[in-house]
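**Student:**
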């Protein structure tokens, strides 16, 4: 009978943990749900941790102390990450993605949940050292992957608008120059969206010269927040020097040839640890 | 030894199932991963199904036949749904959310992953009977909840843009009249985003007169797609007659009093089954 109960506890606990990445559950929480001693819950956590580790499905962390507990961190394996990035590069190389002007159609992939869940987990695991408390992105196409990154970190997303809209209330606006086309644009952020002192991680879908990212850096600074890092799904090889210095790119777009319809896009390999 | 192995299998299988709602896993898939007979996997599935059902954590469905398998459907319990809607109504009633002009500041909640994961599951469970193959929304604030609804259904999201942008390629545009302010606006959809014959479920954050939703209905029809349903997080009590007839609203905004700072917003209770 005890064996069955343990089986049920680990199934339910796995569901709770996996469903809320990075969310800290106290042992008392599980202890109450299952009517089991904390020592028993501890043993269950070890079973779950070892199993997920064995199959490369993520990490279960235990935080000690009164405010402690257990949480699931969805760290994708090196192989799974490389496989996903190769798949994305392959899909993004399809010739009919070229839009006149040398743009790349990415919306279908950017709005596919199964893909963006994984991209969010990759950003989280590669940028966890920046310890952000907010994710920042700019509308529109970067929102799903920024939101899934926010979910993997268990922190809120803040979205910069192009222009300014009345339903956002008092907003801070800045003008910025797009790095590639040198046009002047406006972006704005609701005054109340980011608290002063916030640690902000910028996540976006695409970076060419970095003008938009630079605009977000300036806007965040304007409200007293700190940028702790920048992650983009795709960056272009040219120009080599971007308007932001320090960023992580998962894929690099080396070339789009409108004439031959060849798109050269490749995953960025992580340094071996 | 066999007991331990079963424990590991159910933990790992729970992770796979919960992580990809509505995604159909073949029994052979699990059979290969764990080196176990399909009959054994079947028994594991029963253990997981019964446990999740017991704790109200969702439904595990088995699909028979050659193309069959097993999938997790994240059906929130009636109690969990009501609790979440009450919590949202309470948060949305905070007096400092009133923006001059009688608007309601909702962005912080709309961009919080833990909340929107649950809202997506509620939309999925209440609108599953519409059998959509695409979710449609309009930029910007509805994107996270529409994306989480798409995730719960395991189908792609398509996002209508206000205006039209060059990186989307050939687009279909329509002019529409906003129902409340009677202004003429433009919205556009990349030509390739929705296939003809697609079954489309509209998901948005807010509906007043329904002009934006009506615009999406017209736009989808323009590309030969069918609207099978509409879901909004908040709709206003007035006007009673919206420009779309058939929609599901999770919360109803009865009144915003800018003078007294009282916001009257209430959950819509589901009819008992």
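Chains as they are written, first to last, in the UniProt record's numbering: chain A, 1 to 273; chain B, 1 to 273. No residue lacks a Cβ here, since even glycine has one placed at the ideal position from N, Cα and C.
Less than 8 Å between the C-beta atoms of residue 235 of chain B and residue 207 of chain B, yes or no?
**Tutor:** Looking up residue 235 of chain B in the second chain gives position 235. Looking up residue 207 of chain B in the second chain gives position 207. Contact: yes.
**Student:** If we call anything under 8 Å between Cβ atoms a contact, is residue 41 of chain B one with residue 60 of chain B?
**Tutor:** On the second chain, residue 41 of chain B is found 41 positions in, with the first residue counted as 1. On the second chain, residue 60 of chain B is found 60 positions in, with the first residue counted as 1. It is not a contact, given that the beta carbons lie outside the stated cut-off.
**Student:** Roughly how many angstroms lie between the CA atoms of residue 63 of chain A and residue 22 of chain A, to the nearest whole one?
**Tutor:** As a position in the first chain, residue 63 of chain A is number 63, starting the count at 1. As a position in the first chain, residue 22 of chain A is number 22, starting the count at 1. Looking at the two C-alpha atoms, the distance is approximately 11 Å.
**Student:** Nearest to residue 96 of chain A by alpha carbon, out of A/267, A/36, A/263?
**Tutor:** If you number the first chain from 1, residue 96 of chain A lands on position 96. Of the listed residues, the one whose Cα sits closest to residue 96 of chain A is A/263.
**Student:** Please classify residue 162 of chain B: is it buried, with 16 or more other beta-carbons within 10 angstroms of its beta-carbon, or exposed?
**Tutor:** In the second chain, the residue the question calls residue 162 of chain B occupies position 162. Buried, because 16 or more other Cβ atoms sit within 10 Å of the Cβ of residue 162 of chain B.
**Student:** Please state the DSSP three-state secondary structure of residue 46 of chain A.
**Tutor:** If you number the first chain from 1, residue 46 of chain A lands on position 46. Residue 46 of chain A: helix per DSSP, three-state reduction.
**Student:** With distances taken between CB atoms, is the gap from residue 25 of chain A to residue 75 of chain A smaller than 8 Å?
**Tutor:** Counting from one through the first chain, the residue named residue 25 of chain A turns up at place 25. Counting from one through the first chain, the residue named residue 75 of chain A turns up at place 75. No, Cβ-Cβ distance for residue 25 of chain A and residue 75 of chain A is not below 8 Å.
**Student:** Using DSSP's beta-bridge definition, name the partner residues of residue 254 of chain A.
**Tutor:** Against the first chain, residue 254 of chain A aligns to sequence position 254. Partner(s): none; residue 254 of chain A has no beta bridge.
**Student:** Taking a contact to mean a Cβ-Cβ separation below 8 Å, would you say residue 197 of chain B touches residue 243 of chain B in this structure?
**Tutor:** Here the question's residue 197 of chain B lines up with position 197 in the second chain. Here the question's residue 243 of chain B lines up with position 243 in the second chain. Against a cut-off of 8 Å, the Cβ pair of residue 243 of chain B and residue 197 of chain B comes out as no contact.
**Student:** Under the three-state reduction of DSSP, which class applies to residue 11 of chain B: helix, strand or coil?
**Tutor:** Here residue 11 of chain B refers to the residue found at position 11 of the second chain. DSSP places residue 11 of chain B in helix when its eight states are reduced to three.
**Student:** Are there three or more Cβ pairs, one per stretch, closer than 8 Å when the stretch 136–149 of chain B is compared with the stretch 209–224 of chain B?
**Tutor:** Yes, the stretch 136–149 of chain B touches the stretch 209–224 of chain B.
**Student:** Given that a residue counts as buried once 16 or more other Cβ atoms are within 10 Å of its Cβ, and exposed if not, what is residue 170 of chain A?
**Tutor:** Taking the first residue of the first chain as 1, we reach residue 170 of chain A at position 170. Exposed: under 16 other Cβ atoms inside 10 Å.
**Student:** Give a yes or no on whether the minimum CB-CB distance between residue 25 of chain B and chain A is below 8 Å.
**Tutor:** Within the second chain, residue 25 of chain B is the residue found at index 25, counting from 1. It does not; no Cβ of chain A falls within 8 Å.
**Student:** From this set, B/35, B/72, B/27, B/189, which residue's C-alpha is nearest residue 15 of chain B's C-alpha?
**Tutor:** Position 15 of the second chain, counted from the start, is the residue given in the question as residue 15 of chain B. Out of B/35, B/72, B/27, B/189, B/72 has the C-alpha closest to the C-alpha of residue 15 of chain B.
**Student:** Is residue 52 of chain A close to chain B? Criterion is C-beta to C-beta, closer than 8 Å.
**Tutor:** As a working note, residue 52 of chain A is residue 52 in the first chain. It does; some Cβ of chain B falls within 8 Å.
**Student:** Answer yes or no: does any C-beta atom of chain B fall closer than 8 Å to that of residue 102 of chain A?
**Tutor:** In the first chain, counting from the first residue as 1, residue 102 of chain A sits at position 102. No - not a single Cβ of chain B is within 8 Å of the one on residue 102 of chain A.
**Student:** Is residue 1 of chain B close to chain A, meaning its C-beta is less than 8 Å from at least one C-beta of that chain?
**Tutor:** Looking up residue 1 of chain B in the second chain gives position 1. Confidence at residue 1 of chain B is low in this model, with a pLDDT of 41, below 50, so the placement of that residue should be treated as unreliable; the coordinate-derived value is given next. No, residue 1 of chain B does not count as interfacial toward chain A.
**Student:** Mind pulling the chain B residues with CB within less than 7 Å of residue 181 of chain A?
**Tutor:** Along the first chain, one-based indexing puts residue 181 of chain A at 181. Those do not exist, as residue 181 of chain A stays about 10 Å from chain B at its closest Cβ, beyond 7 Å.
**Student:** For residue 223 of chain B, which of helix, strand or coil comes out of DSSP?
**Tutor:** Counting from one through the second chain, the residue named residue 223 of chain B turns up at place 223. Correct three-state label for residue 223 of chain B: coil.
**Student:** Taking only the alpha-carbon atoms, compute the straight-line gap between residue 18 of chain B and residue 31 of chain B and give it to the nearest angstrom.
**Tutor:** Here residue 18 of chain B is taken as the residue at index 18 of the second chain, counted from 1. Here residue 31 of chain B is taken as the residue at index 31 of the second chain, counted from 1. Between residue 18 of chain B and residue 31 of chain B, the C-alpha separation is close to 18 Å.
**Student:** Over what stretch of residues does the beta strand (DSSP E) that includes residue 283 of chain A continue unbroken?
**Tutor:** With chain A running from 1 to 273 in the structure shown, residue 283 of chain A is simply not present.
**Student:** Which of helix, strand or coil does DSSP assign to residue 162 of chain B?
**Tutor:** The residue you call residue 162 of chain B lines up with position 162 of the second chain. DSSP places residue 162 of chain B in strand when its eight states are reduced to three.
**Student:** Output the distance between the C-alpha atoms of residue 237 of chain B and residue 89 of chain B, rounded to the nearest integer angstrom.
**Tutor:** Locating residue 237 of chain B in the second chain gives position 237, where the first residue counts as 1. Locating residue 89 of chain B in the second chain gives position 89, where the first residue counts as 1. The alpha-carbon atoms of residue 237 of chain B and residue 89 of chain B are separated by roughly 14 Å.
**Student:** In angstroms, rounded to a whole number, what distance separates the CA positions of residue 233 of chain B and residue 256 of chain B?
**Tutor:** In the second chain, the residue the question calls residue 233 of chain B occupies position 233. In the second chain, the residue the question calls residue 256 of chain B occupies position 256. Rounded to the nearest angstrom, the two C-alpha atoms are 17 Å apart.
**Student:** Starting from the C-beta of residue 186 of chain A, find all residues in its chain whose C-beta is less than 6 Å away, skip the five residues before and the five after it, and write them out in chain order.
**Tutor:** Numbered from its first residue, the first chain carries residue 186 of chain A at position 186. Around residue 186 of chain A: 163, 173, 175.
**Student:** Please list the residues of the stretch 72–86 of chain A that have a C-beta atom closer than 7 Å to any C-beta atom in chain B, keeping them in chain order.
**Tutor:** Going along the stretch 72–86 of chain A in chain order, one finds no residue with a Cβ nearer than 7 Å to chain B.
**Student:** Can you tell me whether residue 135 of chain B is helix, strand or coil according to DSSP?
**Tutor:** Your numbering for residue 135 of chain B matches position 135 in the second chain. Here residue 135 of chain B sits in strand by DSSP.
**Student:** Can you pull the chain B neighbours of residue 169 of chain A, defined as C-beta to C-beta under 7 Å?
**Tutor:** Your numbering for residue 169 of chain A matches position 169 in the first chain. Chain B residues near residue 169 of chain A: 99, 105.
**Student:** Looking only at C-alpha atoms, which of A/128, A/105, A/189, A/13 sits nearest to residue 205 of chain A?
**Tutor:** As a first step, residue 205 of chain A must be located in the first chain, where it is residue number 205. Checking every option, the nearest Cα to that of residue 205 of chain A belongs to A/105.
**Student:** Using 8 Å as the threshold, is the C-beta distance between residue 249 of chain B and residue 193 of chain A below it?
**Tutor:** Indexing the second chain from 1 puts residue 249 of chain B at position 249. Indexing the first chain from 1 puts residue 193 of chain A at position 193. No, the Cβ-Cβ distance between residue 249 of chain B and residue 193 of chain A is not below 8 Å.
**Student:** For a contact defined as C-beta to C-beta under 8 Å, what are the partners of residue 111 of chain B on chain A?
**Tutor:** Taking the first residue of the second chain as 1, we reach residue 111 of chain B at position 111. In chain order: 147, 150, 156, 157, 158, 159.
**Student:** Where does residue 38 of chain A land, buried or exposed, given buried means 16+ other C-beta within 10 angstroms?
**Tutor:** Here residue 38 of chain A refers to the residue found at position 38 of the first chain. Its Cβ having fewer than 16 others within 10 Å, residue 38 of chain A is exposed.
**Student:** With distances taken Cα to Cα, identify the nearest neighbour of residue 141 of chain A among A/266, A/58, A/112.
**Tutor:** Numbered from 1 along the first chain, position 141 holds the residue referred to as residue 141 of chain A. The residue with the shortest Cα to Cα distance from residue 141 of chain A is A/112.
**Student:** Closest by CA to residue 91 of chain B, which one among B/123, B/259, B/109, B/102?
**Tutor:** Within the second chain, residue 91 of chain B is the residue found at index 91, counting from 1. Closest by alpha carbon: B/109.
**Student:** When DSSP labels each residue in this structure, what does residue 106 of chain A get in the three-state scheme?
**Tutor:** Here residue 106 of chain A corresponds to residue number 106 of the first chain, with the count starting at 1. Residue 106 of chain A: coil per DSSP, three-state reduction.
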